[in-house]
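Residue numbers (my numbering): 7 to 269. Positions of the beta carbon are idealized from the N, C-alpha and C atoms, including for glycine. No experiment lies behind these values; they were computed from the predicted model shown. One structure below.
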């Protein structure tokens with residue numbers, strides 16, 4: 007990351023001299039970039055944004071007005087430790103999003119991958135891990151220690167309890183309250199969220215073959231239609247779908263479901 011290119015900083019922005027801005031970074035008026043912040047090439051920070059460190063932001067992100075990025079977390083155990091926030095490339099972070107740094111009680115880092123869309127008023131709490139290509143719609147809220155897998159979608163107003171895992175390619179409908187894990191590929195909705203089938207339309211759009219979709223439908227029935235415990239379902243999937251790589255993310259999400267899965 008080249009440093010320090012101040013040509014794109016508006017004269018009414020406030021950037022700490024120790025912050026590191028790469029080429030073609032723009033910072034809008036009345037934004038604040040604090041010490042310990044690194045911003046990669048081509049990232050655009052609009053007006054009235056606050057970014058505090060230690061925070062590393064990658065390339066070609068767009069961060070809209072009134073966002074608070076890298077602020078200390080709301081965990082009462084937090085005592086000022088220098089925890090971090092890491093954001094990847096090509097993300098769009100819309101108005102008034104809040105993304106907090108981690109805690110030493112966990113990984114010490116909040117991490118957001120690449121190619122994500124965080125719509126207005128999204129909150130990502132301490133120690134969360136968000137993968138790539140996700141969509142978090144307006145007012146979606148992640149409590150601490152939540153993980154969100156690649157290609158997952160959270161509808162507007164979704165609330166996710168701490169330590170929950172949202173599996174890859176899964177989807178939660180707007181207004182859902184997620185108290186347990188949503189396994190890979192599963193659609194869920196409700197308060198609290200319940201499963202409502204396979205996210206088949208999303209998988210079609212992402213190029214899953216007809217054969218893979220058929221196998222995933224059969225795997226879904228093993229988990230949700232045969233009255234099996236989670237452990238029994240894992241074994242049945244291991245035995246019956248060993249030659250179907252697309253089923254592996256479902257098995258892995260079941261194995262990691264310490265809080266249980268939506269039922």
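{"Asked": "Inter-residue Cα distance where the pair is residue 17 and residue 38", "Found": "12 Å"}
{"Asked": "Cβ neighbours of residue 123 in the same chain (closer than 6 Å, five flanking residues each side left out)", "Found": "98, 141"}
{"Asked": "Straight-line gap, residue 72 to residue 106 (C-alpha atoms, nearest Å)", "Found": "14 Å"}
{"Asked": "CB contact flag (residue 188, residue 206, <8 Å)", "Found": "no"}
{"Asked": "Coarse secondary structure for residue 156, derived from DSSP in three states", "Found": "coil"}
{"Asked": "Other residues of its chain near residue 43: CB distance less than 6 Å, five sequence neighbours each side excluded", "Found": "25, 57, 59, 61"}
{"Asked": "Range of the contiguous alpha helix (DSSP H) that encloses residue 228", "Found": "216-230"}
{"Asked": "Boundaries of the beta strand (DSSP E) in which residue 203 is found, first to last residue", "Found": "199-204"}
{"Asked": "For residue 192 and residue 67, the rounded distance between their alpha carbons", "Found": "29 Å"}
{"Asked": "Cα-Cα separation, residue 45 to residue 178", "Found": "32 Å"}
{"Asked": "Residue 92 - DSSP class collapsed to helix/strand/coil", "Found": "strand"}
{"Asked": "Where residue 74 falls: helix, strand or coil (DSSP)", "Found": "strand"}
{"Asked": "DSSP state of residue 120 mapped onto helix, strand, coil", "Found": "coil"}
{"Asked": "Enclosing beta strand (DSSP E) for residue 196 [first to last residue]", "Found": "192-196"}
{"Asked": "Straight-line gap, residue 130 to residue 86 (C-alpha atoms, nearest Å)", "Found": "19 Å"}
{"Asked": "Nearest residue (CA-CA) to residue 250, options 214, 208, 233", "Found": "214"}
{"Asked": "Own chain, CB closer than 6 Å to residue 121, minus 5 neighbours either side, in chain order", "Found": "96, 138, 139"}
{"Asked": "Endpoints, alpha helix (DSSP H) assigned at residue 1", "Found": "Look at the range of the chain in this structure, 7 to 269, and you will see that residue 1 is not part of it."}
{"Asked": "Strand pairing of residue 187, partner residues [DSSP]", "Found": "267"}
{"Asked": "Backbone secondary structure at residue 101 - three-state DSSP", "Found": "coil"}
{"Asked": "Residue 194, buried or exposed, once every other Cβ within 10 Å from all chains shown has been counted against 16", "Found": "buried"}
{"Asked": "Residue 49 versus 82, 15, 76, 77, residue with shortest Cα-Cα distance", "Found": "15"}
{"Asked": "Selected residue, minimal CA-CA separation from residue 209, among 197, 126, 223, 152", "Found": "223"}
{"Asked": "CB of residue 147 within 8 Å of CB of residue 115, strictly", "Found": "no"}
{"Asked": "Inter-residue CB distance, residue 83 and residue 109 (contact presumed, cutoff 8 Å)", "Found": "6 Å"}
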